[in-house]
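This report concerns only the one structure given below.
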Amino acid sequence: MSPDADNDTDLMRAVADGDMAALGKLVRRHEKKAFALACRILARPDAAEDVTQEAFLHVYRAARRYRPKARFTTWLYRIVVNLCLDAKRRTKRAPGELPAYGPAAEAPTDCDRLEAAERTQRVRRAVHDLPGRQRTAVVLHRYMQLSHRDIAEVTGWSVSAVESCLVRAYARLRQELRDLIEN
Amino acid sequence: MPHVTDSELIKYVAGELAQPQRARVDEHVGACRSCRDRQRQISQAWELLGDWQVKPLEADLADAVSVAVRREREAGARQPTGWRRASVLLRAAAAILVAVGLGHLAARWTAPSPSGPVTSSVDRLAQPTDADVVPLGVLELGSATGWAELILNDVVPSEQEGSS
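Those protein sequence lines, which keep their order, are chains C and E. Just so you know, the working numbering puts 82 at position 79 of the first sequence, and the rest follows in order with no gaps. Just so you know, the working numbering puts 139 at position 137 of the second sequence, and the rest follows in order with no gaps.
What follows is the structure, given as structure tokens:
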């Protein structure tokens, strides 16, 4: 790998030439966000880990065909979102089943922590209970900090569709979490 | 002055609005109580959603991806090359053609004649045709139909015994 191969496009060129070190660098650079995205859409860390790994395998396979039309992350998130949707289609879980993980799963030691854990659990539940498209839009908007236009690029929806999806999703979240918001 | 839409307020809270639009929302929200209430609710919901933090990955994903890629490369190397794959495909295509040809011939053989009554192939096989009826004379011992002698040996001796 050349020493100046430090941006994503250069790394992708190196990966296309079979440079495994470049692939490793790309994975380390983006794995946290890709995993967090998958985790929030799927609400299952084990499945999210599989999806993240599969997403980087897709990146490796597509490296020769990769053309940097958009940001690398937009392309990567699109792969992750599509794989998440595939995974969700494959495993239709019963509603209400939400495995415990993350800070909420840790044993709280005092009242404040208990309250915080409960609040986090409520937030997770509220996001998880959103309809599929609304959940994807909120996760990309709130947690991945993507603009409406970027969300449209990642999902393939129109900007106006993203906009209406977000309006409905935030309205529903405000409704679900109104007791926490009013306090 | 028109009210600020929910979509604008979401963009406002997310910091997506450009400065002129942001200033317009600030001005309106300062003067309109209902829009101010909505803006406050959206801001609080935004903050609340931030409570959900994802526990970072424990596994070394780069290593796992690298292993998976190596496996994929090895599996790819074991797969037949282009020419070999083409010859396999050609052989498969030839086998399919032969099977289709044989099927066609079989269909022609079993198809009813256009002038005769419509009967199924099973019926036609059950009814002996002239070609199927073998004159008994042909089945004489020592005749060219040697295969029949074996069967006739079981029947004919009793007839011979009866006649003697």
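All residues carry an ideal CB built from backbone N, CA and C; glycine is no exception.
Asked: Check whether Y69(C) and L40(C) have beta carbons under 8 Å apart; Found: no
Asked: Within-8 Å CB hit, L133(C) to chain E; Found: no
Asked: Short Cβ contact (8 Å threshold) for V31(E) with R38(E); Found: yes
Asked: Element boundaries [alpha helix (DSSP H), containing M23(C)]; Found: 23 to 45
Asked: Through-space distance from S9(E) to V130(C), alpha-carbon basis; Found: 19 Å
Asked: Cβ-heavy atom distance, T139(C) to the ligand NAP, below 7 Å; Found: Ligands displayed in this structure: none; no statement on the ligand NAP is therefore possible.
Asked: Contact check, V157(C) vs V62(C), beta carbons under 8 Å; Found: no
Asked: Chain C contact for Q23(E) (CB, 8 Å cutoff); Found: no
Asked: Distance between I154(C) and V141(C) (C-alpha atoms, nearest Å); Found: 10 Å
Asked: Under the three-state DSSP convention, the category W48(E) falls into; Found: helix
Asked: Sequence ranges, alpha helix (DSSP H) only - wholly within the stretch 129 to 164 of chain C, length at least 4; Found: 135 to 141, 151 to 158
Asked: Residues near A19(C) by beta carbon distance below 8 Å, same chain, minus five either side; Found: A66, R67, Y69
Asked: Interface residues of chain E facing G27(C) [CB-CB closer than 7 Å]; Found: A64, S68
Asked: Minimum Cβ-Cβ distance from A174(C) to chain E less than 8 Å; Found: yes
Asked: Sequence-distant residues of the same chain with beta carbon closer than 8 Å to R35(E), five excluded per side; Found: none
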